[in-house]
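Remarks on the structure that follows.
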Amino acid sequence: MNLERLPDKLLMARHSHLTDMLNNMPLLSWPKSNIIFARSNPKGTQHSPKRIYPNSPDREYYEQILRKRCELEEQLIQLENAWRSKHGFPIPTVVERPFVIINTGSRLSMDNFNMLKEYSNPRPIETNYVSGGKRYRSRLELHTAEALRLLGLEWKYEPAITLSVPGRFMGDHRTVTINPDFAVAVPELRRFFIVEALGMLSDKSYTEEACNKIKTYAYNGIYPSKDLVLIPGDSTYMPPIEAILSSIVSTLDHICAEVVSEAGSLKL
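Residue 1319 is where the sequence shown starts when you use the numbering used here, and the numbers rise one by one after that.
In structure tokens, the structure reads:
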């Protein structure tokens, strides 16, 4: 992964997010005895740990938590290594953590992201562009997915999003359901953004459809570089993954500038 490409504010927000998630989980250990030891309050008074034996009725529950803890701890290590690789010193001590503005009423909130379902587009996908168990409609989408993976981002492919539209766009209809190519989560900032891989811009009907989609986004306050990444391509042009990475990181920079404000100072 290329986590060092992510904006510093996002790395610090993600570090805080992962740390908070770990602090709110039971502290578990699994020695060679095959008994899981659980402390329910790692920050508080240290009571004798609960022992979860292989035949305990809640064994599966604690195994799931243990696997999740290991996953989060690995992500935290990767993030700290990325920061050190980028700057040459450990991630800063946060005196007052960056204040994250949470807009719960936004269409692009994490609550809405969690309700999205992948592959909501009824049109069948008849290609061999497959990566990570997911099938994509075009090579440009495949490359875009690879760029998102390199940045350690989570996405949903072709979910359904219902947006408002003015009557002059859609006749008597006041809402329309569209399928973004990618809805990309930024859970540490409590929101997501959209990526459109426009790989057939040399085709007139495709371009007209893409423009209508962008107009619908704009009418709902979803603007390029702010909440929307546009990856252009056509029958003869395919942007390299490095260019796709740069476009995504640029939008993440914009999002961080808008929703993360440093309430205090950072000790570097």
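Even for Gly, the Cβ is constructed at its ideal location relative to N, Cα and C.
For a test of the three-state rule: what should DSSP assign to K1474, helix, strand or coil? Within the sequence shown, residue 1474 is the residue found at index 156, counting from 1. In this structure, K1474 counts as strand in the three-state DSSP scheme.
Comparing C-alpha positions only, which one of R1455, L1570, F1500, A1515 sits nearest to L1507? Walking along the sequence shown from the start, residue 1507 turns up at place 189. The candidate whose alpha carbon is nearest that of L1507 is L1570.
Assigned exposure category for V1578 - 16 Cβ within 10 Å defines buried: Along the sequence shown, one-based indexing puts residue 1578 at 260. Per the 10 Å Cβ criterion, buried.
L1469 and A1400 - do their beta-carbons sit closer together than 8 Å? Taking the first residue of the sequence shown as position 1, residue 1400 is located at position 82. Taking the first residue of the sequence shown as position 1, residue 1469 is located at position 151. Between A1400 and L1469, the C-beta gap is not smaller than 8 Å, which leaves the two residues out of contact.
Just the C-alpha distance for R1467 and M1319, rounded to the nearest angstrom, thanks. In the sequence shown, counting from the first residue as 1, residue 1467 sits at position 149. In the sequence shown, counting from the first residue as 1, residue 1319 sits at position 1. Each residue's alpha carbon lies about 7 Å from the other.
One or two residues paired with L1345 in a DSSP bridge: Position 27 of the sequence shown holds residue 1345. When DSSP reads this structure, L1345 sits in a beta bridge with R1357.
Residues in the same chain with beta-carbon distance under 7 Å from N1439, minus the five sequence neighbours each way, listed in chain order, please. For this step, residue 1439 is matched to residue 121 along the sequence shown. Once the five neighbours on either side are set aside, the close Cβ partners of N1439 are E1476, N1497.
Residue ranges of each alpha helix (DSSP H) run of no fewer than 4 residues wholly in the segment 1496 to 1574, ordered along the chain? You should have 1522 to 1537.
Going by C-alpha to C-alpha distance, which of P1375, Y1535, G1551, L1563 sits closest to K1544? Along the sequence shown, read from residue 1 onward, the residue named residue 1544 stands at position 226. Comparing Cα-Cα distances from K1544 to each of P1375, Y1535, G1551, L1563, the minimum goes to Y1535.
Residues in the same chain with beta-carbon distance under 6 Å from L1340, minus the five sequence neighbours each way, listed in chain order, please. Position 22 of the sequence shown, counted from the start, is the residue given in the question as residue 1340. Counting only Cβ-Cβ distances below 6 Å, and skipping sequence neighbours, we find L1390.
Rounded C-alpha distance that separates S1334 from P1410: Here residue 1334 corresponds to residue number 16 of the sequence shown, with the count starting at 1. Here residue 1410 corresponds to residue number 92 of the sequence shown, with the count starting at 1. Approximately 11 Å between the Cα atoms of the pair.
With DSSP run on the structure shown, which of helix, strand or coil describes I1395? To locate residue 1395, count along the sequence shown from 1; it is residue 77. The answer is helix: DSSP assigns I1395 an H, G or I state.
Give the DSSP bridge partners of V1494, in chain order. Working through the sequence shown from its first residue, we reach residue 1494 at position 176. Note: V1494 sits in a beta bridge opposite L1481.
Have a look at the DSSP bridge pairing and note the partners of V1448. For the purposes of this step, residue 1448 is identified with residue 130 of the sequence shown, where counting begins at 1. According to DSSP, V1448 bridges with R1453.
Pair within 8 Å by beta-carbon distance, I1532 and I1512: In the sequence shown, residue 1532 corresponds to position 214, counting from 1. In the sequence shown, residue 1512 corresponds to position 194, counting from 1. No.
Proximal residues to R1369 (C-beta, below 7 Å), its chain only, five neighbours per side dropped: Taking the sequence shown and counting its residues from 1, the one referred to as residue 1369 is at position 51. If the five residues before and after R1369 are omitted, its C-beta is found closer than 7 Å to the C-beta atoms of I1353, F1355, all from its own chain and listed in chain order.
Is the Cβ of R1402 closer than 8 Å to any Cβ of chain B? The displayed structure is made up of one protein chain only, and chain B is not part of it.
For R1385 and L1546, the rounded distance between their alpha carbons: In the sequence shown, counting from the first residue as 1, residue 1546 sits at position 228. In the sequence shown, counting from the first residue as 1, residue 1385 sits at position 67. When rounded, the separation of the alpha-carbon atoms in L1546 and R1385 is 34 Å.
Taking the straight line between their C-alpha atoms, what separation do you get for A1503 and N1432? As a working mapping, residue 1503 is identified with position 185 in the sequence shown. As a working mapping, residue 1432 is identified with position 114 in the sequence shown. Using only the alpha carbons, I get a separation of about 9 Å.
Would you call D1499 buried or exposed, if buried means 16 or more other Cβ atoms sit within 10 Å of its Cβ? Residue numbering aside, residue 1499 sits at position 181 when the sequence shown is read from its first letter. The residue in question, D1499, is buried, as its Cβ has 16 or more Cβ neighbours within 10 Å.
Could you give the first and the last residue of the continuous alpha helix (DSSP H) run that contains D1429? On the sequence shown, residue 1429 is found 111 positions in, with the first residue counted as 1. Where D1429 is concerned, the enclosing alpha helix (DSSP H) stretches over 1428 to 1433.
Would the beta-carbon of I1559 fall within 8 Å of that of E1464? Here residue 1559 corresponds to residue number 241 of the sequence shown, with the count starting at 1. Here residue 1464 corresponds to residue number 146 of the sequence shown, with the count starting at 1. In this structure, I1559 sits near E1464, with a CB-CB distance shorter than 8 Å.
Do you know how far the Cα of I1383 is from the Cα of M1518? For the purposes of this step, residue 1518 is identified with residue 200 of the sequence shown, where counting begins at 1. For the purposes of this step, residue 1383 is identified with residue 65 of the sequence shown, where counting begins at 1. Each residue's CA atom was taken as its position, placing M1518 and I1383 some 45 Å apart.
Bridge partners for R1369 per DSSP, in chain order? Position 51 of the sequence shown, counted from the start, is the residue given in the question as residue 1369. Looking at the DSSP assignment, R1369 forms a beta bridge with F1355.
Does DSSP put S1334 in a helix, a strand or coil? Against the sequence shown, residue 1334 aligns to sequence position 16. Looking at S1334 - three-state DSSP - the assignment turns out to be helix.
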